[in-house]
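Asker: Right, I'll just put the structure down here and ask away after.
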Amino acid sequence: MSAGAETAWHTARRRGAHARVIGPEGTDRDTVRITSTGPTSRNRDGDGPGGGAGLPDLTTAEIGALAHLYRGEVYRCSVWRTRLDTTTNWAVVTLGVALSISFAAPEASPLPLVLVGILNLFFLTLEARRYRYCDIWRTRFRGMEKNFYAALLDPRARSPNPLWRQMLAHDYVYPVFHLSYAQALGRRLRRSYIWIMFIQVAAFLGKITVHPTPVSSWDEATQRASVGAIPGEVIFAGGVTYVVIFCAIAVYSAWRDRRRFHSDNMPLPDAIY
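According to my numbering, the sequence shown is numbered sequentially starting from 3.
Quick look at the structure:
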């Protein structure tokens, strides 16, 4: 989904306006209008559990079905969250292996520390994709918790979003990612991978500068950093670019989450999860 379509969708979620949904091939799937008009029988104007603006209250059987749906969404989110932990564990293990190989002997090459950076980059892109799916399920069950279960526990509480049933139904018919890929990358960087990358860079610099003996000049450092036909200057330049790009993605993601926290009046855990 394009950035413009994503912005329009989130605006509709806040204001109940038109929302244009972009399909998997980038074509318009549908244009819907989420309004507060509709059947008024058995309606309590959005008060209490199951009430929604313009929709009848849920029956006992429907509430039971919604409870099963909630449990299913929590389970799906938990499964995808476990898959996130798996790729993070892979990244940590491969970094440990690279550290062991590079510091095993004085003549050992720093090449494993370079290669593990490429491998961890693959893990990060894979984890960001999984995170976007996990966020879909989490967004759904958090909507039920805030708008249905909170009102069920405290009948005096009003639903934060009277249109939550319409929006949840639309999300089932036309599922979309609620986060951009760059934002998902940034979140996973901030949670785990930025620290893994900092350890990798520190280990590489340590290997070059102090192992097996301290360097005495810049030429000696670049000579140690060289890998085959690739000069040390190129390796150092690539490392700086590597760190700067991913720090920029992490900062961008943090800025987007902070903006979402303020503009959408969203609770902090939901805004930065």
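Where is the CB? At the ideal position from N, CA and C, for every residue including glycine.
Looking at the strands, I want to know which residues DSSP matches up with V94.
Answerer: DSSP, once it has assigned bridges, lists no residue as partnering V94.
Asker: Please state the DSSP three-state secondary structure of V229.
Answerer: strand
Asker: May I have the straight-line CA-CA distance separating P271 from Q225, to the nearest angstrom?
Answerer: 47 Å
Asker: Please say whether A223 and D211 have beta carbons closer to each other than 8 Å?
Answerer: Here the sequence assigns Thr to residue 211, which means Asp is not the residue at that position. Contact: yes.
Asker: How many Å lie between Q202 and P157 at the Cα?
Answerer: 53 Å
Asker: Return the residue from the list K148, L165, R167 that minimises the CA-CA distance to A159.
Answerer: Measuring C-alpha to C-alpha distances from A159 to each of K148, L165, R167 identifies K148 as the nearest.
Asker: I need the DSSP call for R158, collapsed to helix, strand or coil.
Answerer: Here R158 sits in coil by DSSP.
Asker: Roughly how many angstroms separate the alpha carbons of I196 and Y254, rounded to a whole number?
Answerer: If you take the alpha carbons of I196 and Y254, they lie about 14 Å apart.
Asker: Just verifying my parser: in three-state terms, what is the DSSP assignment at T215?
Answerer: coil
Asker: Sort V99, A69, R78, I274 by Cα distance to G188 and report the nearest one.
Answerer: Minimum Cα distance to G188 is reached at I274.
Asker: Should E64 go down as buried or exposed, given a rule of 16 or more other Cβ atoms within 10 Å for buried?
Answerer: exposed
Asker: With C-beta atoms as the reference, is R192 less than 8 Å away from A110?
Answerer: No, the Cβ-Cβ distance between R192 and A110 is not below 8 Å.
Asker: Please state the DSSP three-state secondary structure of F125.
Answerer: helix
Asker: Under three-state DSSP, which class holds D272?
Answerer: helix
Asker: Using three-state DSSP, classify Y135 as helix, strand or coil.
Answerer: helix
Asker: Ends of the alpha helix (DSSP H) at L187?
Answerer: 183-190
Asker: Using C-beta distances below 6 Å, list every residue in its chain close to F143, excluding the 5 sequence neighbours before and after it, in chain order.
Answerer: Y72, E75, V76
Asker: What would DSSP say about L115, mapped onto helix, strand or coil?
Answerer: helix
Asker: Buried or exposed: which applies to S80, given that a residue is buried once 16 or more other Cβ atoms fall within 10 Å of its Cβ?
Answerer: exposed
Asker: Just mark P112 as buried or exposed, buried being the case when its beta carbon has 16 or more other beta carbons within 10 Å.
Answerer: buried
Asker: How long is the line joining the alpha carbons of N91 and A106, rounded to whole angstroms?
Answerer: 22 Å
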